[in-house]
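Trainee: Let me begin by handing over the structure; questions about it come next.
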Amino acid sequence: MSNEFRFLGQTIPNLAIISGLILIIWAFFSYFASGSSSFTALIPSFFGMPLFILGVLSNRDESKRHHYMHASMIFALFSAFGGLRLFQLEDPSNLALASHIILLIVGVIFMVGGILSFRHARKLRESLGE
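So in this note's numbering the end of the sequence shown lands on 1304, straight run, no missing numbers.
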């Protein structure tokens, strides 16, 4: 069993960085594209920034990686829950609709990768007899 888990070709800390960047870039794009300078357009960055930071910290300090990745899973869960508001929107704009879809997809993809990573780590510990 390989020591390094990869999901979609990326380590989970790198997936956190990529997921965070996607949400941050989308937030700023939608903020400027909306033309109304709506503060709510920046909401995806509220989930993306912690994911990005936790991914960077996880790459820099492997001894605390599991703590950083558990924390990042919380932000991914909140992102997915925020995306679920998609089904409550009444007459949403295209940007609002896209923002909720992106929150949902990014959150779910990261959570699936994180859960599989945690399972991989547990199986690796068991195979090593720890």
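By construction, the Cβ of each residue, glycine as well, lies at the ideal position given by its N, Cα and C atoms.
#1: Where do the ends of the alpha helix (DSSP H) carrying residue 1297 lie?
#2: Quick one: using the 10 Å Cβ neighbour count with 16 as the cut-off for buried, is residue 1207 buried or exposed?
#3: Looking only at DSSP bridge pairs, what is residue 1181 linked to?
#4: Spatial neighbours of residue 1175 within its chain, please: C-beta separation below 7 angstroms, excluding the five flanking residues on both sides.
#5: With H, G and I counted as helix, E and B as strand and the rest as coil, what does DSSP make of residue 1210?
#6: Between 1274, 1242, 1179 and 1279, which lies nearest to residue 1231 when the distance is taken from Cα to Cα?
Mentor: In short:
#1: If you look at residue 1297, you'll find it in the alpha helix (DSSP H) that goes 1268-1301.
#2: By the 10 Å Cβ count, residue 1207 comes out exposed.
#3: According to DSSP, residue 1181 bridges with 1184.
#4: Bear in mind that a pLDDT of 48 at residue 1175, under 50, signals an unreliable position, so the model cannot answer this.
#5: coil
#6: Measuring from the Cα of residue 1231, the nearest candidate turns out to be 1242.
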